[in-house]
C-alpha cells in the first residue's frame, strides 16, 4: 500500500528543463524563424511528395506540349521546357537533389568538424598544433578552386559533388568546436572524469561533444545554405549534377540560356532556391539568437 | 613588425606550395587528359602530342619539371590554346578580372559601411529595416539568379545596359560590378551594424559623448575607428568571395577574365593553365589576408603588442 510520501513523489515530479530545451523554447518564440521552419517544411514535403501527384516524371518528354506556357489548369501547370518535360515536376525533383545534398552535406561536414575539433582541442599540445596547421593550410586555399578540382577528381556526378563539398566545408565547425573543447578540457567536471578513470575517448564522446552541441547547432545551421549554394553553383557551371537529372543549379543554368525569350524557366527554380535560402538564413539567425549565451 | 610580416609570408608560401602540390596531383589523378577528347587522331599522333607536353613522363618527373619551371617563373604552354603560354593567357585576362573585382570591393565597402552605420545610428528605424532587407537579399539570392534577372530587366527589356561582353566601356561594367558587390554589401553592412552597436556601448565612446563634441565628431573620431576593425578583418574573406563571384560573373556576362578561363581549363584538363590560375588565386588570397592583418594591427593597438 502506498504511503502518503510515495504519492507525493509520484504526483509532483519536478522536472527541470535542460538548457537545450530552454534554448529550443526560446527559438520557438522567434516568429520569423518559426515561419521559415514551416515554409521550409512545406517545400521539402512538396519536393519529395509532389512528383507522385503527376502521372509522368521529370524526364518524360511530352512531344505534344513542347515549350508549353504557364497554364495552371492544364496537365503542366508551369508549362514544359524545350524537350516537353514538365517544368514543375523537374523543379520539384531538382529540389530533392539539392535539399538532400544540402542537409546530408551539412550533417556530414558538421560531424567531421565536431570530432576533429573536439579531439584537437581536448588533446592540446603538439597534436593540436599539427591538426590546426592542416586546417590553416586548407583555409588558405581558394574554396571554389578546391571544390571544382575535387569534383573533377571524383569523376563528376552526385557522390563526387557531395564529397567535394563536404571536404571543403568541415573546417569552420572544426575551428569553432576546438575553441569550445579547449575551454571545456580545463573545466572541473572533465578533471573529475579524468580522475574517475575515464579514457580520453570516453571524455571526448561523453563530455566534450555533448557540451559543444549548442555551438555546433548554430554553425551547422549556416552550413546548410552554404552547401545548397555550392551545389547549385557547381551545377550552374556544368561541373556538378548533369542533365538529364535535374538540380536547381542546372535548371537555373538552362533558364538563363533561354531567359531573353522565356523567363519562366529561370524564375521558377530561381525563386524556389531563393526562398529556401531565405528560410535557412532566418532559421540560422533564430538559432543564433536563441543559443547565444551572451544574450540572456 | 618585420618579423611578423616575414613569418606570415613564410607560412603563406608554405600554404601556397601545399595548394599547388595538391592541385597538381588532383588534376593528374582526375579521369581524362587534355587530349583524350580528340578522338580522330591516331595513337601515334596522340603519343607525339603528349610527348611534346611531357605528359608521357612519370608523374613525379612531371611534378619536378613543374616546380623547376615555377622557380623560373615559367608556367609552360597551355595545352588547349596552342601557341599561347599560360603567362600570356593570364596577362590578357587579369586586367578584366581585377577591374571588376576592384570596383566591386570599393562599391561593397562604401555602400555596405554606409548602410551599416545608418542602420546602427537609427536602430529599428526605416533605414535600418531597408538596410536589413538589402542584406538578407544579398545573402539569400545567389549571384547566378540575380545576375540573369538584372540582365533581363536592364539589358533585354529596358535596353539601358549591354547584356554582356566588354564592348561598351563603363556601361558594360555596371551590371557585373553591382551583382558581384551585392553579397559583399550584405555581409559588410551586417558586420558594420553589429560592430557599431557594440562599439557605441564602449566607455570611450560614452566619454566622447559626455564631453559634448557632437555626434558627427564622436562618430568620425571615435566610434568608427573601433567599429571598423572587424570590417577590415573581413577584407580577407571578401577577396575569396570576390574570386568565387568573378568566376560566375564572367560566365554570366561573357567577360574575357581569368575566372572563365579557369572553369574551361579545368573541364578541358588544361593542366598548365589550371595550375597557373590556382597559383594566382591562392597568392591573391594569402596576400590579402596578410595585408588585412597588417592594417588591423596598425589600427588596433591591442593587436600591435600581441605580435
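Residue numbers (this note's numbering), protein chains in the order written: chain U, 21 to 316; chain C, 5 to 311.
Think of the CB as a built atom: it goes at the ideal place given N, C-alpha and C, for glycine as much as any other residue.
Being a predicted model, the structure only gives us computed values, none of them experimental.
Residue i to residue j span [Cα, whole Å]
i: residue 311/C; j: residue 5/C; result: Summary for residue 311/C: the model assigns pLDDT 46, below 50, so the residue's position carries little reliability; its value from the coordinates is reported in the next sentence. Approximately 8 Å between the Cα atoms of the pair.
i: residue 99/C; j: residue 260/C; result: 9 Å
i: residue 178/C; j: residue 243/C; result: 19 Å
i: residue 216/C; j: residue 242/U; result: 42 Å
i: residue 4/C; j: residue 51/C; result: Only positions 5 to 311 of chain C appear in this structure, which leaves residue 4/C out of reach.
i: residue 316/U; j: residue 307/U; result: Low confidence applies here, because residue 316/U scores a pLDDT of 38, under 50, leaving its location unreliable; read the following figure in that light. Residue 316/U and residue 307/U: Cα-Cα distance of roughly 14 Å.
i: residue 19/C; j: residue 153/U; result: 10 Å
i: residue 122/C; j: residue 55/U; result: 28 Å
i: residue 70/C; j: residue 227/U; result: 48 Å
i: residue 198/U; j: residue 28/C; result: 31 Å
i: residue 137/C; j: residue 119/C; result: 11 Å
i: residue 291/C; j: residue 158/U; result: 15 Å
i: residue 172/U; j: residue 9/C; result: 36 Å
i: residue 298/U; j: residue 53/C; result: 51 Å
i: residue 65/U; j: residue 120/U; result: 12 Å
i: residue 204/U; j: residue 130/U; result: 19 Å
i: residue 190/U; j: residue 280/C; result: 27 Å
i: residue 286/C; j: residue 128/U; result: 26 Å
i: residue 301/C; j: residue 295/C; result: 10 Å
i: residue 350/U; j: residue 276/U; result: For residue 350/U there is no data in the structure shown, the boundaries of chain U being 21 and 316.
Neighbouring residues, chain C, relative to residue i (Cβ below 9 Å)
i: residue 279/U; result: 152, 153, 155, 156 and 160
i: residue 301/U; result: 140, 143 and 144
Residue i, buried or exposed, once every other Cβ within 10 Å from all chains shown has been counted against 16
i: residue 21/U; result: With a pLDDT of only 48 at residue 21/U, under 50, the local geometry of the prediction cannot be trusted, and the value read off the model is given with reservation. So residue 21/U ends up on the exposed side.
i: residue 179/U; result: exposed
i: residue 163/C; result: exposed
i: residue 172/C; result: exposed
i: residue 226/C; result: buried
i: residue 219/U; result: exposed
i: residue 38/U; result: exposed
i: residue 292/U; result: buried
i: residue 264/C; result: buried
i: residue 47/C; result: exposed
i: residue 40/U; result: exposed
i: residue 101/C; result: buried
i: residue 268/U; result: buried
Extent of the continuous alpha helix (DSSP H) run through residue i
i: residue 270/U; result: 268 to 277
i: residue 251/U; result: 233 to 257
i: residue 107/C; result: 90 to 125
i: residue 260/U; result: Segment: none, residue 260/U is in no alpha helix (DSSP H) and carries neither H nor E.
i: residue 224/C; result: No alpha helix (DSSP H) contains residue 224/C, which DSSP labels as neither H nor E.
i: residue 204/U; result: 191 to 205
i: residue 281/U; result: Where residue 281/U is concerned, there is no enclosing alpha helix (DSSP H), given that its DSSP letter is neither H nor E.
i: residue 148/C; result: 147 to 154
i: residue 132/C; result: 130 to 144
i: residue 221/U; result: 220 to 223
Nearest residue (CA-CA) to residue i, options the options
i: residue 258/U; options: 249/U, 270/U, 117/U and 137/U; result: 270/U
i: residue 288/C; options: 115/C, 105/C and 70/C; result: 105/C
i: residue 113/C; options: 92/C, 196/C, 72/C and 155/C; result: 196/C
i: residue 268/C; options: 214/C, 169/C, 155/C and 93/C; result: 93/C
Under 7 Å from the C-beta of residue i: neighbouring residues of chain U
i: residue 290/C; result: 160
i: residue 213/C; result: Neighbours of residue 213/C on chain U: none; closest Cβ ~24 Å, over 7 Å.
i: residue 282/C; result: 165
Contact set between residue i and chain C, taken where Cβ atoms lie within less than 7 Å
i: residue 267/U; result: Here the premise fails: no neighbours, minimum Cβ distance about 13 Å.
Chain U residues whose Cβ lies nearer than 8 Å to that of residue i
i: residue 10/C; result: Ordered by position in chain U, no residue passes the 8 Å Cβ test against residue 10/C, which lies about 17 Å from the chain.
i: residue 81/C; result: Correct list: empty, because the minimum Cβ distance to chain U is about 21 Å.
Chain D within 7 Å of residue i, Cβ atoms only
i: residue 19/C; result: Of the protein chains in the structure, U and C, none is chain D.
Under 8 Å by beta carbon: chain C residues contacting residue i
i: residue 191/U; result: What residue 191/U touches in chain C: nothing, since even the nearest Cβ is about 12 Å away.
i: residue 178/U; result: What residue 178/U touches in chain C: nothing, since even the nearest Cβ is about 16 Å away.
i: residue 294/U; result: 144, 145, 146 and 149
Partners in chain U for residue i, counting only beta-carbon separations shorter than 9 Å
i: residue 286/C; result: 160, 161, 162 and 165
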